[in-house]
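In our numbering, the protein residues as written are 20 to 224.
Written out as structure tokens, the structure reads:
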């Protein structure tokens, strides 16, 4: 007899997603790995959609709502296939992080005073896509809950803006500005600023 869910192979496999929810609710083995794989597929799908939008030309010869729908379906299926074949390694990272027991909490009480300097802060430089997503996921989750946005969409946009964290603007002392979305400071902004040249495009120029 075939298992209730081996792997969700199609983005439209609603029955498989329902089976995954049932397995996760029962705490069955393998449901965590499949849920992590689905998260990776969702992130890959967001990336493919953003890349296609960046290359889209308004009024093109083949520009039509029907074609956009077919391309979206193709991208979603491609994301599923990529995640099922290993993807970018994000699913394995998430499953490993979530399966580890939580670290014991330190006893409460006043901590000894320590001098903290900017030079002592370790630079935030993710080494690969998995570590980029893993470091942002705990921060993105509460933001996503308050805004109603999907965590994968927020992380995908940050990945596109910064090249998986490799091109985050830095402060004069070398620390990261943590500006992951290329947000420009307006006249009413009173916080810190980073000045750097940018290349802007308008109407294809």
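Glycine included, every Cβ here is placed at the ideal spot set by N, Cα and C. Bear in mind that the values here come from a model prediction, so they are computed numbers and not experimental data.
Among the candidates the options, whose CA atom is the shortest distance from the CA of residue i?
i, options, result
"residue 71", "112, 58, 93, 59", "93"
"residue 175", "52, 109, 214", "109"
"residue 173", "213, 86, 63, 144", "63"
"residue 60", "214, 107, 181", "107"
"residue 98", "169, 181, 58", "58"
"residue 87", "181, 67, 100, 101", "67"
"residue 148", "159, 169, 164, 182", "182"
How is residue i classed by DSSP in three states: helix, strand or coil?
i, result
"residue 189", "strand"
"residue 130", "Confidence at residue 130 is low in this model, with a pLDDT of 47, below 50, so the placement of that residue is unreliable and no value is reported for it."
"residue 137", "Its pLDDT being 42, under 50, residue 137 is placed unreliably by the model, and the measurement read from it follows with that caveat. Here residue 137 sits in helix by DSSP."
"residue 67", "helix"
"residue 213", "coil"
Considering residue i, what are the terminal residues of the alpha helix (DSSP H) in which it resides?
i, result
"residue 153", "148-166"
"residue 173", "170-181"
"residue 95", "84-103"
Find out if the Cβ-Cβ distance for the pair residue i, residue j is shorter than 8 Å.
i, j, result
"residue 69", "residue 155", "no"
"residue 177", "residue 200", "yes"
"residue 171", "residue 65", "yes"
"residue 56", "residue 103", "yes"
"residue 157", "residue 184", "no"
"residue 167", "residue 112", "no"
"residue 188", "residue 162", "no"
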